[in-house]
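What follows is one structure encoded as structure tokens, with my remarks underneath.
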Amino acid sequence: MSNNPLFGQELEFLRPALQLDQSTSVVELGSLFEWQDDKPLQRLKRQLADAYDVFWSFPSTNGTTILNILAMLSACPTGGNILVNRDAHSSVTAAMIHSGTRPTYFLPEYDSELGLFLGPTLASFKKAFSNGPIDCVFLTSPNYFGIVGDLAEIVCLARECEVPVIVDAAHGPHFHFCRALPEAAEDLGADLISQSTHKVGSALSQGSLLLINNEKFVAPLYEHVNDLGFVSTSFSYPILASLELGVQQLVEEGETIWSRTIERAEAFRQSAVRIPGITSFGHEQAWKLGFKAFDPTRVTLDVSGTGFTGFEFQQQLNQQWIYPEMATLKHVLFLITPGTSDRDIFALLQTVRRMAESGIGKAVRKTLVPIPPRIPDMGVTPRVAKFARKHVVSIWEAPGRLSGETVSAYPPGVPIIVAGEIISTETIEYLRYVKDNGAHLKGASDPNFQTLKVLSY
Amino acid sequence: MYITYPVLAPVNTPELEPEEGQIGHATQSRSDTEKMPLTTALLAIAAKGISFATPGHRCGRSYDFSLTLEGHV
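Residue numbers (the working numbering), protein chains in the order written: chain A, 1 to 457; chain B, 1001 to 1073.
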């Protein structure tokens, strides 16, 4: 710790945040663990709820992951049946482990032209929904690339059947405040909506929000908040203050600043696709199944025509001090926000052009990504699989056994096998094929995918 | 009504332009950040980097937003 030449200056830099970092023992400020008094923290929860026109809100200073877990625990009975989109965030699997729920998965639409999963369709949802009693629906919308599927129709159908709907809207805190963005899940009647205010709004990292549209889930939520230790008793006031100001910014200026941001993002997209080797997509895709609405501030560039993979492209941008949100084998995703200046975009375009030109002459990689095999049958729940004994076998000895790990392939960006599911030869052949063709296998304990953990029974 | 604070008026916070010798100056290669203490590396990236990624509090960069630490993020 002694080699930091800027030690004093950095403490000065932190001063504004340190001033807000009060003790949680200041009782007059209120508590995250209660909801029935009239103190500043309780009023903040009321104001955040009013901002989104919902019944109540629960702010998190520990990110959206715990909100997804708390939402599932509150809305789905322990061990109940939950319907989940297969490309859900890993926090949803964590929620299933904590709650012991039995998942039924449905796949969103896969677009082989774009090389991406789109949103869920009503047809695929109905098919999965009709397969058995469902206690709760858990959807992710929008997806990482800003694509929204048949969210409105799915929420409507679930509500007609009196099945609660949770929406992981981590990337949608701004939708409610700008008419040019897709309709917000909270406005469509979803029961519980988790949002990463820190990802899109102006909150500090880990500043997230659970919106509660249905009064009956408030009491169970606070029971779990108080019992399960997901919420630190030393929660962060600086993060809460940033949530307050971040949402206020959306209330006061959301329409203006996000409309301007959309224009800037569209201008970037139009300029980028003029660069040889670069393509992108936008609202023109809205005729496709699973592409009902789109957040245009998410700009996905397909760089496969430049001779670089998306991963290589991202790495080279990082070397130029430019930080995209993420990459896949063929894409790089950029988030344009109200904080993005014209100068930022100009610098990015110049760098992208230079990199694309440097790749000219390189062989363009054509990666064929077959559609994933059918979703495997579940042997045991994610919770049972998590705590079961496991051992390692060759991948070719794995078919017929229960998987001890969850392996996702990027592309296409979806779990191919989830812990507790029955491994098939088809699944192993698919994973081996995409791995040999350059895909990244996330979650595989063996990076070379020669072996796989299976349950020891 | 949600309004509890004065409206946050847009202001033109000058963009950070590191001078020669300062952290984040172009002469410093990005790989150097891997060797720095965490806070120093964060400051270097904040000064020199252009982010098209989360977190979104970059949104406040051009606003008089006291929590964004004087325009450093």
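Glycine is no exception: its CB is placed at the ideal position from the N, C-alpha and C atoms.
Taking all protein chains shown into account, do 16 or more other C-beta atoms lie within 10 angstroms of the C-beta of residue i, making it buried, or fewer, making it exposed?
| i | result |
| --- | --- |
| Ile1023 of chain B | Unreliable placement is indicated for Ile1023 of chain B, whose pLDDT of 34 sits below 50; no coordinate value is reported for it. |
| Val332 of chain A | buried |
| Ser394 of chain A | exposed |
| Ala241 of chain A | buried |
| Phe346 of chain A | exposed |
| Gln19 of chain A | exposed |
| Pro324 of chain A | buried |
| Ala444 of chain A | buried |
| Thr256 of chain A | exposed |
| Ser57 of chain A | buried |
| Ala286 of chain A | exposed |
| Ser304 of chain A | buried |
| Lys442 of chain A | exposed |
| Ile371 of chain A | exposed |
| Ser408 of chain A | buried |
| Ala95 of chain A | buried |
| Thr425 of chain A | exposed |
| Ser358 of chain A | exposed |
| Cys161 of chain A | exposed |
| Cys389 of chain A | In the sequence under discussion, the amino acid at residue 389 of chain A is Arg, which differs from the Cys named in the question. Arg389 of chain A is exposed by the Cβ-count criterion. |
| Glu1015 of chain B | Caution applies to Glu1015 of chain B, whose pLDDT of 39 falls short of 50 and renders its modelled position unreliable; the value that the coordinates give is listed next. Glu1015 of chain B is exposed by the Cβ-count criterion. |
| Pro447 of chain A | exposed |
| Asp342 of chain A | exposed |
| Val434 of chain A | buried |
| Asp1064 of chain B | Residue confidence for Asp1064 of chain B is low, a pLDDT of 39 falling below 50, so the modelled location carries little weight; the figure read from the coordinates is stated next. Flag for Asp1064 of chain B reads exposed. |
Which residue's Cα is closest to the Cα of residue i: the options?
| i | options | result |
| --- | --- | --- |
| Thr351 of chain A | A:Ile154, A:Val231, A:Trp321 and A:Leu211 | A:Trp321 |
| Gly146 of chain A | A:Lys126, A:Phe117, A:Glu162 and A:Thr121 | A:Phe117 |
| Thr328 of chain A | A:Gln316, A:Phe334, A:Phe311 and A:Gly379 | A:Phe311 |
| Gln22 of chain A | A:Arg401, A:Ser234 and A:Lys288 | A:Ser234 |
| Tyr457 of chain A | A:Gly420, A:Ile428 and A:Leu188 | A:Gly420 |
| Thr478 of chain A | A:Pro382, A:Phe294 and A:Asn131 | Shown here, chain A extends from 1 to 457; a query on residue 478 of chain A therefore has no answer. |
| Leu83 of chain A | A:Ala95, A:Ile69, A:Phe106 and A:Ser91 | A:Phe106 |
| Arg126 of chain A | A:Asp150, A:Met326 and A:His98 | The question names Arg, but residue 126 of chain A in the sequence shown is Lys. Selected option, being the one with the closest Cα: A:Asp150. |
| Leu228 of chain A | A:Ile69, A:Val27 and A:Val392 | A:Ile69 |
| Ile417 of chain A | A:Gly438, A:Gly379, A:Asn437 and A:Phe387 | A:Gly379 |
| Arg260 of chain A | A:Ser236, A:Gln285, A:Pro182 and A:Ile336 | A:Ile336 |
| Pro238 of chain A | A:Ile97, A:Pro447, A:Ala203 and A:Phe308 | A:Ala203 |
| Thr197 of chain A | A:Glu223, A:Glu244, A:Tyr222 and A:Val218 | A:Glu244 |
| Thr93 of chain A | A:Arg264, A:Glu266, A:Ser280 and A:Glu405 | A:Glu405 |
Just reading off the beta strand (DSSP E) that residue i is part of, what are its end residues?
| i | result |
| --- | --- |
| Tyr105 of chain A | Arg102 to Phe106 |
| Gln42 of chain A | Not the beta strand (DSSP E): Gln42 of chain A falls in the alpha helix (DSSP H), residues Pro40 to Ala51. |
Could you tell me which residues DSSP pairs with residue i in its beta bridges?
| i | result |
| --- | --- |
| Phe334 of chain A | A:Val299 |
| Glu421 of chain A | A:Met378 |
| Ile82 of chain A | A:Pro103 and A:Cys136 |
| Phe58 of chain A | A:Leu210 |
| Phe294 of chain A | A:Ile147 |
| Gln195 of chain A | A:Leu209 |
| Val467 of chain A | What the structure shows of chain A is the stretch from 1 to 457, and residue 467 of chain A is not part of that stretch, so it cannot be assessed. |
| Met326 of chain A | A:Leu333 |
| His391 of chain A | A:Val454 |
| Phe117 of chain A | A:Tyr110 |
| His440 of chain A | A:Tyr410 |
| Asp168 of chain A | A:Thr140 and A:Ser194 |
| Leu402 of chain A | A:Ile422 |
| Thr279 of chain A | A:Asp302 |
Starting from residue i, trace the alpha helix (DSSP H) both ways and give me its first and last residue.
| i | result |
| --- | --- |
| Val163 of chain A | Here Val163 of chain A belongs to no alpha helix (DSSP H), and DSSP marks it neither H nor E. |
| Phe125 of chain A | Leu122 to Phe129 |
| Ile69 of chain A | Thr65 to Ala75 |
### Query
Do three or more CB pairs link the region 119-132 of chain A to the region 55-74 of chain A at distances below 8 Å?
no
### Message
Closer than 8 Å is the cut-off here; do at least three beta carbon pairs connect the region 437-456 of chain A with the region 396-413 of chain A?
### Response
yes
### Message
So, does the region 153-163 of chain A touch the region 183-191 of chain A, judging by three or more C-beta pairs under 8 Å?
### Response
yes
### Message
Does the region 200-212 of chain A come into contact with the region 50-64 of chain A, if we say contact requires no fewer than three beta-carbon pairs (one atom in each stretch) closer than 8 Å?
### Response
yes
### Task
Could you tell me whether the region 43-56 of chain A touches the region 213-224 of chain A, where touching means 3 or more Cβ pairs closer than 8 Å?
yes
### Message
Check whether the region 164-179 of chain A and the region 30-42 of chain A are in contact - that is, three or more C-beta pairs closer than 8 Å.
### Response
no
### Query
Hey, is the region 85-95 of chain A in contact with the region 259-279 of chain A, meaning 3+ C-beta pairs nearer than 8 Å?
no
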